[in-house]
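All remarks here apply to the structure that follows.
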Amino acid sequence: MKVKDYMDCFFDDCMENDSLSSLMESIKKENVEYFIVVNEKGLYIGVLKSLDLLIQINQATYVKEVFLKVDAINEDSDIRKIHNIRLGCIPVVNNENFPVGILKLKDTISTLHEVNVVQNTGKKFIRKNLYAKYNIDEIIGNSKTILRLKDTIIKAAKIKSTVLLQGETGVGKELVAQAIANLSDRRFNPFVRVNCAAIPENLLESELFGYEEGAYTGAAKGGSIGKFEVADGGTVFLDEIGDMPLLMQAKILRVLQEKEVERVGSRYPIPVDVRVIAATHADLFRLVEDGKFRRDLYYRLNVIPIKIPSLKEHTEDIEELVHYFAKSYVEEILENQYSIEDGVFQELANYHWPGNVRELKNLVEMAMAMSSGHISIKTIKMFLNSEMDPQENILKKQTDETERDLIKQCLDSFQGNKLKVAEVLGISKSSLYNKLKKYNL
């Protein structure tokens, strides 16, 4: 297929009769990180990663899924038109093949800075990961349970109130939080995640609210802004809020009430405009009754409560989830296909899934890594036959010999990417290094 069959040329050295592979090389050579999307009137409607476009080009298809990653805006919004873009364009279509916009490649980073909204949502947020990358279409499933959840998410996104997400570990609380943010009127502004359980208590206040120069020994020159200031105009996601110390809970309550923060070492309040989405796997009301969580903060957070179902509450979605994870896996390793043996889905449906969707995702990736893209009943049974504690990882079920083979196959499948291997195996990177040393890998 030639470039002219797919899109207009948008590089000086890329002719319309060139192959798509040469176009892809041009994109890589120009080091393009992402594209800007405008409608037919030239109004900005979103940012698209070049990787998503490259995948579509590689499959030689129209960009059907691309628009799902781009949020449309009201044409009356006060956003400047994009001028002087020295490149061509490609029609963006929705699932019904109806054109909904024009995709144009940025020429230089200065082009992006011509658009006010891109200054808030462009390269600096993408590089610092200060944006909500997941949307509601990535919540997979068509069961009544999941459809009700999606309906609640859509309703919650239209309201400015705080949201409290509750659900077991691995159900996808951050995915839901990002979906809400990406459907809200704050979608073009930062999404800042704070893991309340992972930050030491003595650092939590400065992490959230920032600090002034000289506030404490070792404080950086010039001070530093906190997460709430970074998220101004956007969303703060307080993950595992149930683990937050009582003293810090009082300070969070003040932020919600007064809409301002005070940096450590300062006496002057700084106004902030943020929406708070909190999440916990704990029974927060029980913590309130036990005196471990402030009652007033609980009611402040629980304005829009959302209970995220465990996987065992919607096992009818397992088949669709497995196909989704398998497809994502083969795309990541640049393969074209995968296969699933008959009987696998019944085996998976009979399991109790203590780790929920996250456990299913890891299992699918490991099964495919071990058998070159084929998910077999034998592989599934190897992981699921024996009962295990929810906090145990899958490696603990295997003998040393099997564990060594599993790690080796994962290393081969992910081209030696140890961070990815540790993530897939459900262990820390340090644990992986210890096992690599143990097995001389």
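Okay, so the sequence shown: first residue is 69 according to my numbering, each after it adds one.
Just so it is clear, CB atoms sit at the ideal spot from N, CA and C, and this is done for glycine as well.
Distance between residue j and residue i (C-alpha atoms, nearest Å)
{"i": "Asn485", "j": "Tyr501", "result": "12 Å"}
{"i": "Pro264", "j": "Leu232", "result": "Inspection of the sequence shows that residue 264 is occupied by Cys rather than by Pro. Those two C-alpha atoms are separated by around 14 Å."}
{"i": "Leu431", "j": "Arg261", "result": "26 Å"}
{"i": "Thr383", "j": "Leu217", "result": "15 Å"}
{"i": "Lys497", "j": "Leu487", "result": "6 Å"}
{"i": "Thr447", "j": "Leu389", "result": "18 Å"}
{"i": "Pro313", "j": "Glu330", "result": "18 Å"}
{"i": "Tyr406", "j": "Gly423", "result": "24 Å"}
{"i": "Arg368", "j": "Met438", "result": "48 Å"}
{"i": "Arg148", "j": "Thr303", "result": "Bear in mind that a pLDDT of 32 at Arg148, under 50, signals an unreliable position, so the model cannot answer this."}
{"i": "Ile408", "j": "Met450", "result": "16 Å"}
{"i": "Gly494", "j": "Val332", "result": "36 Å"}
{"i": "Gln414", "j": "Leu352", "result": "35 Å"}
{"i": "Glu281", "j": "Leu272", "result": "17 Å"}
{"i": "Glu433", "j": "His391", "result": "11 Å"}
{"i": "Tyr336", "j": "Thr220", "result": "38 Å"}
{"i": "Val412", "j": "Lys395", "result": "16 Å"}
{"i": "Leu452", "j": "Ser444", "result": "12 Å"}
{"i": "Ile208", "j": "Leu379", "result": "11 Å"}
{"i": "Phe393", "j": "Leu479", "result": "19 Å"}
{"i": "His420", "j": "Tyr397", "result": "24 Å"}
{"i": "Asp307", "j": "Lys241", "result": "8 Å"}
{"i": "Met83", "j": "Leu504", "result": "Any answer about Met83 is weak, because its pLDDT of 45 lies below 50 and its placement is not dependable; what the coordinates show is given next. Their Cα atoms are separated by approximately 49 Å."}
{"i": "Tyr366", "j": "Asn210", "result": "32 Å"}
{"i": "Ala266", "j": "Lys295", "result": "15 Å"}
{"i": "Ala249", "j": "Lys506", "result": "44 Å"}
{"i": "Glu326", "j": "Arg254", "result": "20 Å"}
Nearest-angstrom beta carbon gap, residue j and residue i [assumed within contact, 8 Å]
{"i": "Tyr202", "j": "Leu243", "result": "5 Å"}
{"i": "Gly238", "j": "Arg426", "result": "3 Å"}
{"i": "Ile386", "j": "Ala417", "result": "6 Å"}
{"i": "Ile338", "j": "Glu297", "result": "6 Å"}
{"i": "Val323", "j": "Ser229", "result": "Rounded, the Cβ-Cβ distance is 15 Å, inconsistent with contact."}
Simplified DSSP state of residue i, which is helix, strand or coil
{"i": "His349", "result": "coil"}
{"i": "Phe376", "result": "The amino acid at residue 376 is misidentified as Phe; the sequence shows Ile. It is coil, neither helix nor strand."}
{"i": "Ile213", "result": "According to the sequence shown, residue 213 is Thr rather than Ile. In the structure shown, Thr213 sits in a helix (DSSP, three-state: H, G or I)."}
{"i": "Pro167", "result": "With a pLDDT of 41 at Pro167, under the threshold of 50, the modelled position of this residue cannot be trusted; read the value that follows with caution. Of the three classes helix, strand and coil, the one that applies to Pro167 here is strand, per DSSP."}
{"i": "Thr447", "result": "helix"}
{"i": "Leu493", "result": "helix"}
{"i": "Tyr199", "result": "coil"}
{"i": "Leu509", "result": "coil"}
{"i": "Ser396", "result": "helix"}
{"i": "Phe305", "result": "strand"}
{"i": "Tyr279", "result": "strand"}
{"i": "Arg322", "result": "helix"}
{"i": "Ser439", "result": "coil"}
{"i": "Ile207", "result": "coil"}
{"i": "Ser274", "result": "helix"}
{"i": "Asn250", "result": "helix"}
{"i": "Val342", "result": "coil"}
{"i": "Arg354", "result": "helix"}
{"i": "Arg335", "result": "coil"}
{"i": "Leu416", "result": "helix"}
{"i": "Phe361", "result": "coil"}
{"i": "Asn263", "result": "strand"}
{"i": "Glu427", "result": "helix"}
Same chain, Cβ closer than 6 Å to residue i, five either side skipped, listed in chain order
{"i": "Ala490", "result": "Lys497, Leu500"}
{"i": "Leu537", "result": "Shown here, the chain extends from 69 to 509; a query on residue 537 therefore has no answer."}
{"i": "His442", "result": "Ser407"}
{"i": "Arg472", "result": "Tyr507"}
Other residues of its chain near residue i: CB distance less than 7 Å, five sequence neighbours each side excluded
{"i": "Ala299", "result": "Pro258, Val260, Val342"}
{"i": "Ala245", "result": "Leu233, Phe305, Ile345, Ala347"}
{"i": "Ala355", "result": "The identity of residue 355 in the sequence shown is Leu, whereas the question assumes Ala. If we look at Leu355 and ignore the five residues flanking it on each side, its Cβ neighbours are Gly310, Phe361."}
{"i": "Lys476", "result": "Leu509"}
{"i": "Ala350", "result": "Gly310"}
{"i": "Ser292", "result": "Gly278, Tyr279"}
{"i": "Glu269", "result": "Pro313"}
{"i": "Glu328", "result": "Pro337, Ile338, Pro339, Val340"}
Residues near residue i in its chain [Cβ-Cβ closer than 8 Å; skip 5 each side]
{"i": "Glu206", "result": "Leu243, Ala247"}
{"i": "Leu428", "result": "Leu379, Ile386, Leu389, Val390, Phe393, Leu416, Trp421"}
{"i": "Leu321", "result": "Arg362, Asp364, Leu365, Arg368"}
{"i": "Val62", "result": "In this structure the chain extends from 69 to 509, so residue 62 is not present and cannot be described."}
{"i": "Ile204", "result": "Lys218, Ile221, Ile222, Ala247, Asn250, Leu251"}
Any chain C beta carbon closer than 8 Å to residue i
{"i": "Pro377", "result": "Included in the structure is just one protein chain, with no chain C present."}
Are three or more beta carbon pairs between the stretch 307-322 and the stretch 358-378 nearer than 8 Å? By the Cβ rule, the stretch 307-322 counts as touching the stretch 358-378, because three or more pairs are nearer than 8 Å.
If we count Cβ pairs, one from each stretch, closer than 8 Å, do we get three or more for the stretch 369-384 versus the stretch 216-233? Touching, yes.
Pairs of beta-carbons, one from the stretch 267-279 and one from the stretch 204-220, closer than 8 Å: are there three or more? With a cut-off of 8 Å, the stretch 204-220 and the stretch 267-279 do not count as touching, because too few Cβ pairs lie within range.
Can at least three beta-carbon pairs, one atom from the stretch 243-259 and one from the stretch 384-404, be found at a separation below 8 Å? Taking 8 Å as the limit for Cβ pairs, the verdict is that the stretch 384-404 does not touch the stretch 243-259.
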